[in-house]
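Colleague: I have a structure I would like to understand better, so I am pasting it below and will then ask my questions one at a time.
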Amino acid sequence: MHDRPYTLLSCCVSIDGYIGNAASRLLLSNDADFDRVDAVRASCDAILVGAETVRIDNPRLLVRSGSRRAERAARGLPESPIKVTVTRRADLDARADFFNVGDAEKIVYCATSRAADARRRLGPVATVVDAGDTVEMRTLSTDLAARGVDRLMVEGGGTVHTQFLTEDIVDELQLTVAPVFVGDSAAPRFVGDGVFPWNAARRAELADVRQLGDVVLLRYALSARFRER
Ligand SMILES: NC(=O)c1ccc[n+]([C@@H]2O[C@H](COP(=O)([O-])OP(=O)(O)OC[C@H]3O[C@@H](n4cnc5c(N)ncnc54)[C@H](OP(=O)(O)O)[C@@H]3O)[C@@H](O)[C@H]2O)c1
4 MHDRPYTLLS CCVSIDGYIG NAASRLLLSN DADFDRVDAV RASCDAILVG
54 AETVRIDNPR LLVRSGSRRA ERAARGLPES PIKVTVTRRA DLDARADFFN
104 VGDAEKIVYC ATSRAADARR RLGPVATVVD AGDTVEMRTL STDLAARGVD
154 RLMVEGGGTV HTQFLTEDIV DELQLTVAPV FVGDSAAPRF VGDGVFPWNA
204 ARRAELADVR QLGDVVLLRY ALSARFRER
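Take the sequence shown: its letter number 87 is residue 90 in this note's numbering, and every next letter is one higher.
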């Protein structure tokens with residue numbers, strides 16, 4: 004029995020380590036990889052993205068494949084996983100696709116200072132959780148586990164990745180490298196500054212490498228739980 008979900012971080016990076024353009028969405032991956040990501044989504048109970056990704060990408064975060072949705076429904080699950088986001092400022096548009104597309108539950112973890120405002124504006128479209136003065140991903144993960152989330156997919160952006168990785172609560176990293184350069188230091192990177200558990204003295208374990216057309220998928224086992232699955 005674990006106090007947090009099995010956590011899989013999924014991301015597509017450019018050759019030079021960026022995950023988007025400076026202020027707009029950039030589709031880095033290819034159709035084969037989008038389909039692979041769809042299968043991973045279908046295997047999870049919840050998908051988490053940061054508020055900036057909700058604002059910039061306006062993602063739907065649904066399982067796209069009809070057969071995968073039907074398989075989930077046959078197992079008594081909602082067709083798509085729960086959608087989760089995290090915010091300090093609560094500057095989120097209740098009309099965004101994140102909130103309005105699909106029947107899945109939506110959960111917003113919000114810092115205490117803006118939780119009342121978030122509840123007033125987003126309450127009709129999401130469950131708003133007051134996550135304390137400082138939102139910590141470990142605490143958030145424990146809360147998700149208490150809500151029945153056994154398998155969590157983290158899908159960006161870099162600010163959120165950094166916290167999950169530096170808090171050492173990621174079990175598996177799926178990193179796709181796309182054959183493009185972004186070349187703009189104002190663009191978001193895969194991670195920001197931080198003290199990561201993996202370094203020259205403690206290398207991450209590369210578990211699998213797969214080519215999907217012009218992208219390559221690198222799978223890293225970041226905890227012992229990777230082997231339990
Ligand atoms: N290539 C890919 O696979 C991929 C996937 C996803 C996203 N992206 C890209 O990533 C970029 C966004 O990345 P990003 O790093 O700028 O932002 P992000 O990680 O998506 O979101 C950051 C925001 O999340 C909230 N947040 C993060 N940690 C928090 C905490 N501990 N407590 C409270 N709130 C917290 C804050 O929201 P508030 O500002 O509301 O307080 C913060 O500004 C976009 O360009 C998007 O296109 C790429």
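Idealized CB from N, CA, C, for every residue including glycine.
Remember, predicted model here, so these are calculated numbers, not experimental data.
Quick one: any contact between the segment 9-16 and the segment 172-179, if contact means 3 or more CB pairs under 8 Å?
Modeller: Touching, per the Cβ criterion.
Colleague: Would the segment 109-122 and the segment 82-95 be scored as touching if the rule is three or more Cβ pairs under 8 Å?
Modeller: yes
Colleague: Nearest CA to the CA of residue 86: which residue from 14, 136 and 54?
Modeller: 54
Colleague: Answer with buried or exposed for residue 132, where buried requires no fewer than 16 other C-beta atoms within 10 angstroms of its C-beta.
Modeller: buried
Colleague: By DSSP's criteria, residue 134 is part of a beta bridge. Which residues make up the other side?
Modeller: Answer is none; residue 134 lacks a bridge partner.
Colleague: In or out: residue 184 buried (at least 16 other Cβ within 10 Å) or exposed?
Modeller: exposed
Colleague: Strictly by DSSP, which residues pair up with residue 53?
Modeller: Per DSSP, 89.
Colleague: From the DSSP secondary-structure annotation, give me the bridge partner or partners of residue 15.
Modeller: 179
Colleague: In chain order, what residues of the same chain have a beta carbon less than 8 Å from the beta carbon of residue 81, not counting five sequence neighbours either side?
Modeller: Only 75, 106, 107 and 108 meet the Cβ criterion.
Colleague: How big is the Cα-Cα spacing for residue 24 and residue 95?
Modeller: Their Cα atoms are separated by approximately 20 Å.
Colleague: Can you name the residues that DSSP bridges to residue 219?
Modeller: DSSP output for residue 219 lists 180 and 214 as bridge partner(s).
Colleague: Is residue 156 helix, strand or coil by DSSP?
Modeller: strand
Colleague: Taking 8 Å as the line, does the beta carbon of residue 196 fall inside it for any heavy atom of ligand 1?
Modeller: Not one heavy atom of ligand 1 lies closer than 8 Å to the C-beta of residue 196.
Colleague: Tell me, please, which residues DSSP counts as bridged to residue 47.
Modeller: Answer by DSSP bridge pairing: none, since residue 47 is not bridged.
Colleague: For residue 110, list the residues DSSP reports as bridge partners.
Modeller: 87 and 130
Colleague: Helix, strand or coil: which one does DSSP assign to residue 42?
Modeller: helix
Colleague: Name the residue from 179, 206, 216 and 97 whose alpha carbon lies nearest to the alpha carbon of residue 224.
Modeller: 206
Colleague: Pull up the CB-CB distance for residue 41 and residue 66, whole angstroms please, since I reckon it's below 8 Å.
Modeller: 6 Å
Colleague: Can you find a heavy atom of ligand 1 that lies under 8 Å from the Cβ of residue 64?
Modeller: no
Colleague: Locate the alpha helix (DSSP H) running through residue 164, then write down its first and last residues.
Modeller: 161-169 is the extent of the alpha helix (DSSP H) around residue 164.
Colleague: Within the continuous alpha helix (DSSP H) that includes residue 72, where are the two ends?
Modeller: 69-77
Colleague: Please check the pair residue 169 and residue 199, which I expect to be a contact at CB under 8 Å, by giving their CB distance rounded to whole angstroms.
Modeller: 6 Å
Colleague: Please work out which residues of its chain come closer than 7 Å, Cβ to Cβ, to residue 143, disregarding the five sequence neighbours upstream and downstream, and give them in chain order.
Modeller: Excluding sequence neighbours, residue 143 sits near 89, 112 and 134.
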